[in-house]
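Residue numbers for the sequence shown follow the numbering used here, beginning at 139 and rising by one.
Heads up: the structure comes next, in structure tokens.
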Amino acid sequence: MRAISIAAIAAFLARAALAAPSISTFSPAKDATSIHPRANVVMTFDEAVEAKPAMLIELRRVQTDYVISAVAAVSSFVTVSGATVTVMFPVSDLPTGDVYVSIEAGAFVAASGASPFVGITDKSWKFSIDGETRLAATLSIARMR
139 MRAISIAAIA AFLARAALAA PSISTFSPAK DATSIHPRAN VVMTFDEAVE AKPAMLIELR
199 RVQTDYVISA VAAVSSFVTV SGATVTVMFP VSDLPTGDVY VSIEAGAFVA ASGASPFVGI
259 TDKSWKFSID GETRLAATLS IARMR
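What follows is the structure, given as structure tokens:
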């Protein structure tokens, strides 16, 4: 049998403690459809995180990469509570279509060890906005008058 040195165990534990946080749950879910235009974006990390200033979270069009809205990770539009981050993009009239969320590397760090989140730079967290929800609400209000 091989003996495991205390130094090897300590090195393994140090690397594990400094591992970057990762997102375990996305809301809206990846590839979700019929999402309300004013739905919040919520991500749950695998550990508690803190937001870092001067880092952006963006909502973009899938087809064109056009930035629909961008907020700083430290702003009134982002709430961090332990491992849960909620983003409310300040968009009043979001048209129907496919969108994705991008997050700059380092926008969030592990609360325990300050390891930075690697970010999301691709279109992996995309979903479809359904503008008909907004139209249906408008029609309902018009009928009530």
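Glycine residues also receive a C-beta, built at the ideal position from the N, C-alpha and C atoms.
As the structure is a computational prediction, the values presented were derived from the model and not from experiment.
Taking just the CA atoms, how far does N178 sit from S165?
-> Taking the straight line joining both Cα atoms gives about 8 angstroms.
Roughly how many angstroms lie between the CA atoms of I279 and T163, to the nearest whole one?
-> Because I279 sits at a pLDDT of 42, beneath the cut-off of 50, its placement in the model cannot be relied upon, and the point is left open.
Under the three-state DSSP convention, the category P191 falls into = coil
Unbroken stretches of the beta strand (DSSP E), 3 residues or longer, contained in the segment 245 to 269 | 246 to 248 and 264 to 267
Closest by C-alpha distance to G244, when choosing among F215, L232 and A210 | That would be A210, whose Cα lies nearest to the Cα of G244.
Among the residues of its own chain, which have a CB less than 8 angstroms from the CB of F215, if the five just before and after it don't count?
-> V209, V225, M226, F227 and P228
Are the Cβ atoms of A221 and F183 separated by less than 8 angstroms?
-> Cβ atoms of A221 and F183: closer than 8 angstroms.
Where T217 falls: helix, strand or coil (DSSP) = strand
Tell me whether the beta-carbon of V239 lies closer than 8 angstroms to the beta-carbon of L197.
-> yes
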